[in-house]
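Residue numbers (this note's numbering), protein chains in the order written: chain A, 1 to 228; chain B, 1001 to 1085; chain C, 2001 to 2763.
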């Protein structure tokens, strides 16, 4: 399987994501330039963290109009696995691929620390190999990570079990329902604020982030089996 | 013709506005106890070419809906006038 | 002195004085030119001859610092220094100050400080991988402190996080001596292949000079000459427009674009536009290459078309670089920058005649011999005089009368007060605002003795720390500065790194005062002596003078930023106790004393008359032993003793680890509080597996390093017994870790909220 990691001007964690997927996990992976409407045959795509386009106007507001987003939307509609981490999650929400929005942290301060998140749903491309109810230690680092949505949207997400990850010790940023990550109905598009790419290398600490990337590989083979 | 649109983007009433609360608190500390509430938003000026006022307004509304405001969390209003510049 | 009105003014001595030049310097300017300068030339001289750019007060004495060594690839003289770290790689690093702008506008002052030091590193072709900062604020309960603390930390985080460089360490201190002058020193380290280091040496007559990055505006004009080269007075508030505004997004793409362009052979020289902008960058490049540069000011990309040539030359707009490229490669280079959305414009050329020339609308507005602005700039050997008493400068200097210092009855309570004091409490509130993960190589995050960053290309790692105890330096600038160097070496050793080289940021008061000049010179001499013993050359640095307000100088604050090399990234040590049943060992022969200690200041509001004794050779032997134990896998937990004494060291070891406590027996001393809270150099506490204690002791003995078992780890309390005869001979300190943690974590958020020291009112 081959991964693609989108690179916007201002993306910061693209290189860490490439390293995590390519070097640590040993999958084939390639950067995807924002200005090219080309996913280069990727089987799974990641929108990484950072400050795409300087986060001007709103986080992700300008990035969603990049040329690469057109083929990405089609890819997602066709069931392709798409993972948005931090800024990537913000871009997916701005692009309408996920519901809700991310606003400024309740404390009005940037927060960087290791957090425990609980796996709420294993019915997604990036959590199907995780143990439901298990706790993963993955760092967060953001200034606008407070997930908000209308009451009806929140009710729908809970009812349809589309909250994928929840902050186990309470949201550090004020996110409603302690939501750390959500999925679309089909479960192939997932966005989360924590950074799994920073929790794969044993030398650096936790490796709890590995399961998100391994899940996509499993999801694809099951999808192939279903299709075939 | 040249037009000037002034767009005001504010957080929806239902959305928590901690920045606004912080500013209100500071104002009260400075002695303005009469302040009830503060909400922080964005002000955008757009200078554009259009055939007429109605046409300009239509385009500006689209700009707001597509980019300038995120209607999940924000609401917008605007006024358009002939650009004096 | 509005820059826009200057064009019409006559140039005379009055105007020169307003520009910060002395009457003598103005006469010298005329001698160099053989005529009266144009207004633009006056502006150029005033910034290039300012203290900030020319180092005229310190250059003479800085020559005393050792700058060479087997690892040194680049010493002082370029944008930053560089050392060989093995595996074909080099580390490029430097520390720099942005003190005055940060006091005026803390967010932007700190942010642009970070932006500036980043540029100094990547201009040499090195991708920045780690930032640190050393911050000094006024008293924790001073009315301006919450505003300054909040602004500076938000600015550092805001810029560093957006650019995408991890902020991995630093220090924060509160002291009323900085009430009128805060200090913001920013450090960046980058990594590059040792044969790919770029220098800023213009060459090749006719080679084009290119301008890259943001357009030029009116930001920061005279920031160098007026803000950084003179004291704060009442009018300083009006200098708000002189502070620059940074754009980290532009810096982010500038780094990517420049590193890409550097992979070709087209670039001859690269320099960032920092203090004194276009002027200093082109002049310095020309001077290093013994050439001249001619600028066509009509080509400068402008934010505002009304900018005068004077303003274009002196603007300190951020995120701009100047490049010299091979003739004919302009479009190729330009295309790289265009892809990243950046302007790239030809603005001049390299000339054979060593003249700095600038033309505007057919008129030559500047024609100055390059060396007059650099090598031939004034150098002053300012008079210095040792203060008759340390009290001359408002320093401390009273010998302690121990009979007057009643011993505290409740030592546990003293420890709690100390752990919750502004300079010893947890810094979590600060460093959780910094992204310390980006880059995917951080092995030791903020909160460690030193930050440690892996270097994938070599399989090793680099450790780094910033240190300075200004209280020690006020008591004795020579010994105090040696302590700063020794503490840095110790901190690196505790992570398993051998100290390699350092960058220094010398923050001092007004050098026109002989007592301050004496402090500066003694500090430099102390640093030189310490560096010789540790084998750590000074490869880059910065001097920030005139940190005075209304006639009162800051204490000498020579910040040492030291970098060490870890051979094997798998072999590093941490400060936190990782398991129960380990043996705690004290190595090093440092003898604790109360003079100069945090405890003495906090509890008795005294300073004493001398810092702890310095034992450089003892420090070296102890540090080397510590690194050897870690490299050999014998030791995985180490923490040094510094501010607050061994009681604080043990507290931190318990709280930074897995929440495991310890039980310790300290050597008897006259007073229990001296044993617990007395400070000294030359002490490190190790936590070792019982099975390796004998081996460690053998190695210590062979190295001549004192070695003593002091206790064991376990439980959830901190228990320290001091062998003085006390009323009942019972354990003197016995506290639950939970209580220590609560006190330790509460302080900084309260300081930031402005409620520290106001509990009495709140209750």
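Using N, Cα and C, we set each Cβ at its ideal position, and we do this for glycine too.
If you're wondering where the values come from, they're calculated on a predicted model, not measured in any experiment.
For the 8 Å CB-CB criterion, residue 2295 (chain C) and residue 2221 (chain C) do not form a contact. The stretch 193-207 of chain A and the stretch 132-151 of chain A touch, with three or more beta-carbon pairs separated by less than 8 Å. Under the 8 Å criterion on CB atoms, residue 1067 (chain B) is classed as interfacial with respect to chain A. Taking 7 Å as the cut-off between beta carbons, the residues of the stretch 2147-2169 of chain C near chain A are 2157, 2161, 2162, 2164, in sequence order. Contact annotation, residue 40 (chain A) with residue 32 (chain A): C-beta distance approximately 6 Å; criterion of less than 8 Å satisfied. In this structure, residue 2154 (chain C) keeps its C-beta atom at 8 Å or more from the C-beta atom of residue 2751 (chain C).
The C-beta of residue 2617 (chain C) has fewer than 16 other C-beta atoms within 10 Å across all chains shown, which makes the residue exposed.
The beta carbon of residue 2249 (chain C) sits closer than 7 Å to those of 2162, all from its chain and outside the five residues before and after it, given in chain order. In the displayed model, residue 2744 (chain C) falls within a helix according to three-state DSSP.
Taking the Cα of residue 2016 (chain C) as reference, the smallest distance to any Cα among C:2043, C:2034, C:2031 is reached at C:2043. Between the stretch 2499-2516 of chain C and the stretch 2543-2550 of chain C there are three or more C-beta pairs closer than 8 Å, enough to call the two in contact. Taking a beta-carbon distance threshold of 8 Å, residue 2525 (chain C) does not count as an interface residue toward chain A. For residue 2170 (chain C), the beta-bridge partners assigned by DSSP are C:2133. A contact between stretches requires three or more CB pairs, one per stretch, nearer than 8 Å, and the stretch 199-216 of chain A meets this requirement with the stretch 18-30 of chain A. Apart from sequence neighbours up to five positions away, the residues of its chain that approach residue 2180 (chain C) with a beta-carbon distance below 6 Å are 2549, ordered along the chain. By the CB criterion at 8 Å, residue 2657 (chain C) and residue 2714 (chain C) fall outside the cutoff. Boundaries of the alpha helix (DSSP H) harbouring residue 2429 (chain C): 2428-2431, taken from the DSSP string. Distance check between residue 2109 (chain C) and each of C:2157, C:2300, C:2378 places C:2157 closest, using alpha-carbon atoms only.
Against chain A, a Cβ distance below 7 Å from residue 2569 (chain C) picks out 203. Judged by DSSP in its simplified three-state form, residue 2717 (chain C) adopts strand. Within the stretch 2553-2625 of chain C, the complete beta strand (DSSP E) segments at least 3 residues long are 2557-2566, 2583-2587, listed from N- to C-terminus. Annotated as proximal: residue 2096 (chain C) and residue 2505 (chain C), with beta-carbon spacing under 8 Å. CA-to-CA, the gap between residue 1069 (chain B) and residue 102 (chain A) works out to about 14 Å.
Annotation: Cβ neighbours of residue 149 (chain A) in chain B (cutoff 8 Å, chain order): 1072.
Burial state of residue 2409 (chain C) is exposed, judged by a 10 Å Cβ sphere holding fewer than 16 other Cβ atoms. In the structure shown, residue 2340 (chain C) adopts coil according to DSSP, grouped into three states. Residue 2743 (chain C) and residue 2324 (chain C) have their C-alpha atoms roughly 56 Å apart.
Counting along the chain, no alpha helix (DSSP H) covers residue 2544 (chain C); the unbroken beta strand (DSSP E) around it starts and ends at 2538-2544. Contact annotation: residue 2370 (chain C) and residue 2287 (chain C) have beta-carbon atoms nearer than 8 Å. Residues of chain A with a Cβ closer than 8 Å to the Cβ of residue 1015 (chain B) are, in chain order, 103, 148. Annotated three-state conformation of residue 1076 (chain B) is strand, per DSSP.
Judged by DSSP in its simplified three-state form, residue 2756 (chain C) adopts coil rather than helix or strand. Inter-residue distance for residue 2719 (chain C) and residue 2678 (chain C) is about 17 Å (C-alpha atoms, whole angstroms).
Each residue's CA atom was taken as its position, placing residue 2150 (chain C) and residue 2104 (chain C) some 13 Å apart.
Apart from sequence neighbours up to five positions away, the residues of its chain that approach residue 2318 (chain C) with a beta-carbon distance below 6 Å are 2112, 2115, 2244, 2246, ordered along the chain.
Minimum Cα-Cα distance from residue 2526 (chain C) among the listed residues C:2476, C:2514, C:2563 corresponds to C:2476.
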